[in-house]
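Anchor point for the sequence shown: position 217 equals 217 in full-length UniProt numbering, and the numbering is continuous, going up by one each time. For each residue, glycine too, the CB sits at the ideal point set by N, CA and C. Please read all numbers here as calculations on a predicted model, not as lab measurements. Written out below as structure tokens is the structure these notes cover.
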Amino acid sequence: MPLHAASGVGGAGALAYATLALAALRLLLSYKSALYALRRLWRCADEWAQAYQYHEVPRFACDGAENPLFRKAAAYVAALPSLEDSDAASVLSSASRTNGGLSLQIGPGHTARDSFLGARLAWTNADGGGRERLVLRVRRHDRTRVLRPYLQHVESVADEMEQRRRELRLFANTGVDGATGAPRWASAPFTHPATLDAVAMDPDLKARVRADLENFLKGRAYYHRLGRVWRRSYLLYGPPGTGKSTFAAAMARFLGYDVYDIDLSRAGSDDLRALLLHTTPRSLILVEDLDRYLQAGGDGEARVLSFMDGVASCCGEERVMVFTMRGGKDAVDAAAVRPGRLDVHIQFTLCDFEAFKTLASNYLGLKDHKLYPQVEEGFHAGARLSPAELGEIMLANRGSPSRALRNVITKLQHVSGGAPPRNPAHKRNTSWSVTGQQWEERSARASADSTEADETAAGAPAGGGVFGKDAPMREFKKLYGLIKIKSRREGAGVVPLEGEAHGPPTPGNHDRER
């Protein structure tokens, strides 16, 4: 066959394969398009067969006043997941950092669908004729069951979204206005970045606190049914530097509340109630170092107790009161920390190894490290550091996690009263070790304790005594020496006296020295 004929046959085959591939691709695309068209046809048929009721939500009322429901409904519809699947949507730049700073709004004449309590609903942007309005479509047989609860759901969700987008503020009392007698407040944006997820705390305790805060946020109807003020109080107590103030900031960030940092020493004798009266709902009221005020005694203590649970503390709803103490609860009167004044008590302790790992993950991005066993030994030996101390070490050495962990190990050894091991590079420590005079003193104490333990275990059943699991090495050496002496006595028949140890070298004496 001529060469040009063979090349022509090969080109025709390639063209045929390309044609088949193109046909298969078009068939696949047409199949998906057909499915989409069938779904839309089924939806149109279903909508045509149903009876609907339409409810308009205009932006402005007849008197020209703005309708608050329109703003909330527009915010709610803009957050619907189905809006991304709608036929048309307007893309706007948003001040929020979520979703890349972009937000979607339903396009004019188009629809976004939603579901609630098993009912299917739809929102349509009916903007036209100079009137801005949203139209809610509900099936006629569902309107009495879901319409009112659904609109309440839209309002509550929109309020929550607005509250979380709102800029939080920090207020601090700076004294009293001499003319009016009202408290003076200074405020600034509350930009503390603490979150409950980043706080170094026992995971179970953190989960309980989170659940308690969530139940409080949803508890308006429950508190009203009980006839109680919608208020919750927390006591955070523990040594300085354990993260009490940071945890209070994380609580405010989680709740989306403004913070009122109240300094009771700046308030006059009659101004404690005025401080509460000038705070707003949906706020966290923070009072630090409560024990300092309670230990003052006298009328001051009575005023502080009235501030904590008096009638003035019940003015305003949806407020959380957080009190911190540097010491334990035993340092104050038990009546000051009783339930009703302080509902939830949370103790903050110095860091253990689990809390250290949380801090190392937050500060250094570490999940595990070869130096972790040495750090764990330090904590198991009883050494403790505050989160503030550990955080400062990690912050100063954030460029080198290994150097940060070595500094933590040195700090733990210093706290426990020891010094670093001499050769930590080539030998992994299996116990918390120290050197120097303190090591000798600790060895002496350990020897005394071991001797007492051996004497106590002498009358114990088999398995204890010299061959016990924790018997000191010198007991084995002593036993080995007795066996050697016995063997020499059986071989030579002479046992050297204690005074002959410094005499002329004899075979037995030489062996003993060796």
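For residue i, which residues in the same chain have their Cβ closer than 6 Å to its Cβ, ignoring the five residues on either side in sequence?
i: phenylalanine 70; result: Val57 and Arg59
i: methionine 308; result: Arg341
i: glutamate 452; result: Bear in mind that the predicted position of glutamate 452 carries a pLDDT of just 42, short of 50, making it too unreliable to give a figure here.
i: alanine 126; result: Arg133 and Val135
i: valine 332; result: Asp291 and Leu294
i: alanine 334; result: none
i: glutamate 317; result: Trp230 and Pro281
i: histidine 55; result: Leu136
i: leucine 121; result: Asp114 and Val138
i: alanine 360; result: Leu366
i: glutamate 301; result: Leu294
i: alanine 383; result: Leu412, Val415 and Ser416
i: glycine 327; result: Asp291
i: phenylalanine 216; result: Arg232
i: proline 108; result: Asn125 and Asp127
In chain order, what residues of the same chain have a beta carbon less than 7 Å from the beta carbon of residue i, not counting five sequence neighbours either side?
i: glycine 287; result: Residue 287 is actually valine in this sequence, not glycine. Answer for valine 287: Ile262, Leu264 and Phe323, listed in chain order.
i: alanine 14; result: none
i: glycine 499; result: With a pLDDT of only 38 at glycine 499, under 50, the local geometry of the prediction cannot be trusted, and the value read off the model is given with reservation. Taken in chain order, the list of residues that qualify is empty.
i: leucine 80; result: Ala112 and Asp114
i: proline 401; result: Leu364, Leu366 and His369
i: glutamine 53; result: Val138, Arg140 and Arg143
i: leucine 275; result: Asn173, Pro183, Ile262 and Ala267
i: alanine 336; result: Leu294 and Leu305
i: isoleucine 393; result: Ala404, Asn407, Val408 and Lys411
i: leucine 213; result: Met251, Phe254 and Leu255
i: arginine 131; result: Pro58
i: glycine 391; result: Leu359 and Tyr363
Within its chain, find whatever has a CB closer than 8 Å to the CB of residue i; leave out the 5 residues flanking it on each side and keep chain order.
i: threonine 19; result: none
i: valine 375; result: Phe353, Phe356, Leu405, Val408, Ile409 and Leu412
i: proline 339; result: none
i: arginine 398; result: Tyr363, Leu364 and Ala404
i: glutamine 163; result: Gly256 and Arg282
i: glutamate 84; result: Leu104
i: threonine 195; result: Ala250, Arg253 and Phe254
i: alanine 74; result: Gln105 and Leu134
i: lysine 329; result: Leu235, Tyr237, Val337 and His345
i: serine 82; result: Ala112, Arg113 and Asp114
By DSSP's criteria, residue i is part of a beta bridge. Which residues make up the other side?
i: arginine 133; result: Pro58
i: residue 559; result: The requested residue 559 is not part of the displayed model; the chain covers only 1 to 514.
i: valine 209; result: Answer by DSSP bridge pairing: none, since valine 209 is not bridged.
i: valine 91; result: Leu104
i: glutamine 53; result: Val138
i: glutamate 66; result: Phe60
Assuming residue i and residue j form a contact by the criterion Cβ under 8 Å, report the distance between their Cβ atoms to the nearest whole angstrom.
i: glycine 241; j: alanine 388; result: 4 Å
i: glycine 238; j: threonine 349; result: 6 Å
i: phenylalanine 116; j: tyrosine 150; result: 5 Å
i: glutamine 50; j: alanine 78; result: Not a contact, Cβ separation roughly 26 Å.
i: residue 515; j: methionine 325; result: This structure does not reach residue 515, given that the chain is present from 1 up to 514, and the question cannot be answered.
i: leucine 385; j: cysteine 351; result: 6 Å
i: valine 154; j: lysine 72; result: 6 Å
i: alanine 119; j: valine 146; result: 5 Å
i: phenylalanine 190; j: valine 259; result: 6 Å
i: leucine 272; j: arginine 303; result: 5 Å
i: leucine 226; j: histidine 345; result: Not a contact, Cβ separation roughly 21 Å.
Are the C-beta of residue i and some C-beta of chain C separated by less than 9 Å?
i: tyrosine 150; result: Among the protein chains of the structure shown there is no chain C, as only one such chain exists.
Review point. In chain order, which continuous runs of the alpha helix (DSSP H) of length 4 or greater are located wholly inside the UniProt domain "AAA+ ATPase" (230-352)?
Key: Listed in chain order, they are 244-255, 272-277, 290-294 and 298-309.
Exercise for review: Could you say if the stretch 184-196 and the stretch 158-174 meet the contact criterion of at least three C-beta pairs nearer than 8 Å?
Suggested key: Taking a contact to require three or more Cβ pairs closer than 8 Å, the stretch 184-196 and the stretch 158-174 qualify as touching.
Point to revise | Stretch-stretch touch, CB-based, cutoff 8 Å, three pairs: the stretch 193-201 with the stretch 240-259 | key: Taking one beta carbon from each stretch, the stretch 193-201 and the stretch 240-259 have 3 or more pairs nearer than 8 Å; the two touch.
Exercise for review: Jot down the residue ranges of each uninterrupted alpha helix (DSSP H) in the stretch 374-425, minimum 4 residues, whole runs only, in chain order.
Suggested key: With a minimum length of 4 residues, the unbroken runs of alpha helix (DSSP H) contained wholly in the stretch 374-425 fall at 387-396 and 401-415.
Review point. Quick one: complete beta strand (DSSP E) runs, 3+ long, within the stretch 132-206?
Key: Those beta strand (DSSP E) runs which fall completely within the stretch 132-206 and span 3+ residues are 133-139, 169-176 and 183-189.
Exercise for review: Check whether the stretch 214-226 touches the stretch 274-287, counting contact only when three or more Cβ pairs, one atom from each stretch, lie closer than 8 Å.
Suggested key: Segments in contact, no.
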